[in-house]
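Following my numbering, the numbering of the sequence shown begins with 5 at its first residue and continues without gaps.
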Amino acid sequence: LSWSIPYFGRDKTILRMGYSVGYERNALRLVDIVSGDQPGLSTTRYLFSQDLLTLADVRLPLTPTEQPLETVPLTDRQQTVRSFDTNLRTPYVQNWNLTIERQLPGNFGLEVRYVGSKGTKLLRAINLNEVNIFENQILDAFQVTQAGGSAPLFDRIFNGLNLGLGRVNGTTVRGSASLRALQDTRAFFANT
C-alpha cells in the first residue's frame, strides 16, 4: 500500500505500508521424523577402525545390532525418542513494514523505515534430558524420593511403566518407590 501525502508539498512525502502472513510447511517432514525415527524402527550402524577404512574393507551385509521392532529397554541411553504435541497447530510468521519517504531540497531524500516480524505457534524441540533441575521440579522430586517419600512428578513421568514393582499407577505402585527398588537407580537415592 502506498500513499502520496498531499500535505507539505505535493508529491514530496510518500507513506508505504506492507503486511504479509507466511505459513510454515513442515507438517509432512515432522510426521516422517516422529514416526520413522522411533527406537526399534530404525538402526544406525557405525564402523570404526584403527587402520584406514575404505569401502573395500566393509563386508556386506552389515550385521544388525538388534532385531527389527525389538523392544528397547528403558535403560538404553543411545536412542532418541520423538513425539509431538497433539495440540500442534500450523505455525505462521507475520511480517509488516512502514516507510516514510520525504524529498528534501538539493536533490536529497530522507527515508525512515520500520520492519517487524512475529512468529506464532512455531515448532520447537524440548530436550527431556535437560540438565536444568530447578525449574522442572526434578530436584524437588529427587529429594522427596531420597528422603523416602513419594513424589507426584515421578508418578506422572513413569505412569504406565513397570520399573520392577509393577506398573506405576500413582496409587498402589508409586514412581518414587519403583525408583528406589530398581537396581539401576537405587544407588542414586542412597541417603549419604
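Glycine included, C-beta positions come from ideal geometry on N, C-alpha and C. Fair warning: this is a prediction, and the values are worked out from it, not measured in the lab.
Fill in: Span separating the alpha-carbon of M21 from that of S121
Taking the sequence shown and counting its residues from 1, the one referred to as residue 21 is at position 17. Taking the sequence shown and counting its residues from 1, the one referred to as residue 121 is at position 117. Whole-angstrom Cα-Cα distance: 14 angstroms.
Worksheet item: What does S2 pair with, by DSSP beta-bridge criteria?
Response: Outside the shown range of the chain, which is 5 to 196, sits residue 2, and nothing can be said about it.
Worksheet item: What residue from P109, V35, P77 has the CA that sits closest to D188's CA?
Response: Taking the first residue of the sequence shown as 1, we reach residue 188 at position 184. Minimum Cα distance to D188 is reached at P77.
Discussion item. Less than 8 angstroms between C-beta atoms, sequence neighbours within five positions excluded: which residues of the same chain meet that for Y11?
Written reply: One-based indexing of the sequence shown puts residue 11 at position 7. So the qualifying residues of the chain are T17.
Worksheet item: Taking the runs of the beta strand (DSSP E) that are 3 residues or longer, which of them lie wholly in the region 94-145?
Response: Whole beta strand (DSSP E) segments, 3+ residues: 96-108, 112-124.
Fill in: Interface flag, S154 vs chain C, CB-CB below 8 angstroms
Although the question refers to chain C, the structure presented lacks it and comprises just one protein chain.
Discussion item. Whether or not the region 100-117 and the region 135-152 are in contact is what I'm after, with contact meaning three or more pairs of Cβ atoms, one per stretch, closer than 8 angstroms; do they touch?
Written reply: Output reads no: the region 100-117 does not touch the region 135-152.
Practice prompt. Tell me whether G13 sits in a helix, a strand or coil according to DSSP, three-state version.
Written response: Here the question's residue 13 lines up with position 9 in the sequence shown. Here DSSP, grouped into helix, strand and coil, assigns G13 to coil.
Discussion item. Considering Cα atoms alone, identify which of L157, G152, N91, P72 is closest to E139.
Written reply: Your numbering for residue 139 matches position 135 in the sequence shown. That would be L157, whose Cα lies nearest to the Cα of E139.
Worksheet item: Leaving out the 5 sequence neighbours to the left and right, which residues in its chain are closer than 6 angstroms to N101 when beta-carbon positions are compared?
Response: Stepping through the sequence shown from its first residue, residue 101 is reached at position 97. Cβ neighbours of N101 beyond the five flanking positions: G22, V119.
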